[in-house]
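Visitor: In my numbering, the protein residues as written are 43 to 267.
Once you've had a glance at the structure underneath, I'll fire off some questions.
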Ligand SMILES: [Zn+2]
């Protein structure tokens with residue numbers, strides 16, 4: 043792996059790469075459901091399951107293309123802004139990020155539990171799948187001109203990780219989970235009017251869902267890797 047341009051976008055990812063729960067005043071989407079999970083311990087157990095699934099998934103993909111796979115170094119929960127740093131930069135509250143400098147994922151656990159409760163448990167797999175995809179982009183030395191290209195590709199790769207895991211039997215989705223993904227991705231889209239080329243752009247909700255859905259149904263071949 044070469045350091046490549048990915049190393050240069052640390053600050054952008056830190057500033058921009060996050061998944062927001064729907065706004066408080068948003069009406070609940072059809073199919074959106076509370077799953078009753080409330081504790082941080084349960085959340086962390088579920089997240090660890092998603093990490094293990096992602097590790098197995100990407101190890102198999104790398105093996106199939108005869109490349110050595112190095113798993114992500116760690117996944118860290120934090121509760122306060124600045125508690126975890128990426129290089130010289132403090133990671134802010136209400137965020138989940140992949141830090142290329144330290145090769146770890148960090149997430150604000152209180153924020154993530156609220157998102158999990160509002161959006162549903164399937165969305166946790168999306169969140170982890172998206173951040174893990176950034177770790178894979180770094181390993182592959184993926185290069186793009188614009189942030190939005192990294193972000194939509196990561197959404198596609200998260201879709202492939204989830205769809206392929208369902209097809210292989212490693213992950214079982216419940217009724218309503220696909221709707222959770224759709225509602226969640228629509229909710230995290232950029233505000234209308236944000237230019238697609240802005241350094242913090244991730245894509246509109248429709249673009250994000252479309253990218254996720256193509257990875258979900260057509261696997262990694264849809265993701266331009
Ligand atoms: Zn991202």
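The C-beta atom is built at its ideal place from N, Cα and C for all residues, glycine as well.
Tell me which same chain residues have a C-beta within less than 6 Å of the C-beta of residue 114, skipping the five on either side of it?
Guide: Closer than 6 Å at the Cβ level, and outside the excluded window around residue 114, lie 177.
Visitor: Please return the same chain residues whose Cβ sits closer than 8 Å to the Cβ of residue 263, not counting the five positions on each side in sequence.
Guide: No residues qualify anywhere along the chain.
Visitor: Taking all protein chains shown into account, decide if residue 157 is buried (16 or more other Cβ within 10 angstroms of its Cβ) or exposed.
Guide: So residue 157 ends up on the buried side.
Visitor: How big is the Cα-Cα spacing for residue 200 and residue 168?
Guide: In a straight line, the C-alpha of residue 200 is about 6 Å away from that of residue 168.
Visitor: Which residue marks the beginning of the beta strand (DSSP E) containing residue 141, and which one marks its end?
Guide: Unbroken beta strand (DSSP E) run through residue 141: 138–141.
Visitor: Return the bridge partner residues of residue 150 from the DSSP annotation.
Guide: Per DSSP, 120.
Visitor: If you draw a straight line from the C-alpha of residue 152 to the C-alpha of residue 81, how long is it?
Guide: Their Cα atoms are separated by approximately 10 Å.
Visitor: Can you give, in chain order, each stretch of the beta strand (DSSP E) that sits fully within the segment 143–210 and has at least 3 residues?
Guide: With a minimum length of 3 residues, the continuous beta strand (DSSP E) runs that stay inside the segment 143–210 are 146–150.
Visitor: Along the chain, where does the alpha helix (DSSP H) that runs through residue 256 open and close?
Guide: Taken as a continuous stretch (DSSP letters only), the alpha helix (DSSP H) holding residue 256 covers 247–260.
Visitor: State buried or exposed for residue 143, treating a residue as buried only when at least 16 other CB atoms are found within 10 Å of its CB.
Guide: Residue 143 is exposed by the Cβ-count criterion.
Visitor: Which class does residue 240 belong to by DSSP, given the choice of helix, strand or coil?
Guide: DSSP places residue 240 in coil when its eight states are reduced to three.
Visitor: Comparing C-alpha positions only, which one of 163, 165, 149, 145 sits nearest to residue 180?
Guide: Looking at the Cα atoms, 145 is the closest of the given residues.
Visitor: Enumerate in chain order the residues of its own chain whose CB-to-CB distance from residue 99 is below 7 Å, with the five nearest sequence positions on each side excluded.
Guide: Taken in chain order, the residues that qualify are 203, 206, 207.
Visitor: Could you please give me the residues that DSSP links to residue 265 through a beta bridge?
Guide: BP columns for residue 265 are empty, so no partner.
Visitor: Between residue 192 and the rest of its own chain, which residues show a CB-CB distance below 6 Å, the 5 nearest in sequence each way excluded?
Guide: Only 186 meet the Cβ criterion.
Visitor: Can you name, in chain order, every residue of its own chain whose Cβ lies under 6 Å from the Cβ of residue 165, other than the five neighbours on each side?
Guide: Contacts found: 222, 226.
Visitor: Is any non-hydrogen atom of ligand 1 found closer than 6 Å to the C-beta of residue 86, if you look at the structure I gave you?
Guide: No, Cβ of residue 86 sits at least 6 Å from all heavy atoms of ligand 1.
Visitor: I'd like to know whether the C-beta atoms of residue 85 and residue 155 end up nearer to each other than 7 Å.
Guide: Contact flag set, yes.
Visitor: Per DSSP, which residues does residue 132 bridge with? Please list them.
Guide: Bridge partners of residue 132: 127.
Visitor: Measuring only the C-alpha atoms, how far is residue 64 from residue 161?
Guide: Any answer about residue 64 is weak, because its pLDDT of 40 lies below 50 and its placement is not dependable; what the coordinates show is given next. Taking the straight line from one Cα to the other gives about 8 Å.
Visitor: Give the range of the alpha helix (DSSP H) segment to which residue 93 is assigned.
Guide: 82–106 is the span of the alpha helix (DSSP H), which, as asked, contains residue 93.
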